[in-house]
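Counting from 1, position 162 in the sequence shown corresponds to residue 162 in this note's numbering; the numbering is continuous, with no gaps.
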Amino acid sequence: MQPASDATVYIVDDDAGVREALAWLLRSRRLLSTSYASAEDFAAMLDGGFVPGPACCLLLDVRMPGMSGLALFEQLVQRGLAQVMPVIFLTGHADVPTAVDMVKRGAFDFCEKPFSDNALVDRIEQALRRSAEVLAAQRATGLLQRRLAELTERERDVMGLVAKGMPNKLIADQLAISVRTVEVHRARVFDKMEVKSAVELANLLRDL
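Here is the structure:
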């Protein structure tokens, strides 16, 4: 999945020169970016009601005065944002083992300074695609949950048995209702879940 044209790369680095160089590099590749001079500034932005919309990723320096990049990453993990906003750590040689450990904990990748512009942009584009996929999956799950919330308890009972491939007569016997009642509930389930067959319904519920 390709990210939208308004996909954003967030840059958090205390070195103004690094921030400016990264912003220029991204502009040259037609990528939007927003920079922050400290982890605290970025955390404040998150506290201000940040909701990930378009695809995004974060270029994060490991070592900074005050809150470190590692501490900020922990906040992202706790907020459930580490997958929506893939993190690429920018590290010095001494920080590589730490960065590798962060990748094992869910960071997207790390790039050692000085980094190759082409290699970094390649990883950024991959991170943005990952973000777009996660956001799309979350939207699909949210839509499915809203559809499920519209079902009555009896419709849920019928849905579960329909999804297992049971015919109406057996469903009626198991729920102690008439076949006609099963048919009505089945039709309502298909309508609310926006499916046309039991197979389609089963495939939809499989991802829950």
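We treat Cβ as the ideally placed atom computed from N, Cα and C, and that holds for glycine.
Asked, Found
"Counterpart residues of Ser-33 in DSSP-defined beta bridges", "Val-9"
"Best match in Ala-202, Glu-133 and Leu-148 for proximity to Cys-57 [C-alpha to C-alpha]", "Glu-133"
"Ile-88 - containing beta strand (DSSP E), residue span", "87–91"
"Three-way DSSP call (helix, strand, coil) for Phe-108 in this model", "coil"
"Within-8 Å CB hit, Glu-74 to chain D", "In the displayed structure, chain D is absent; only one protein chain is listed."
"Whole-angstrom distance between Leu-60 and Arg-154, CA atom to CA atom", "50 Å"
"Chain-order list of residues whose beta-carbon lies under 7 Å from that of Phe-89 (same chain, five-residue window excluded)", "Leu-60, Val-62, Gly-69, Ala-99, Met-102, Ala-107 and Phe-110"
"Endpoints, beta strand (DSSP E) assigned at Leu-46", "Careful: Leu-46 lies outside any beta strand (DSSP E), inside the alpha helix (DSSP H) at 39–47."
"Local Cβ density within 10 Å of Val-12, reported as buried at 16 or more and exposed below that", "buried"
"Reference Thr-91; option with closest CA among Met-45, Asp-157 and Phe-115", "Phe-115"
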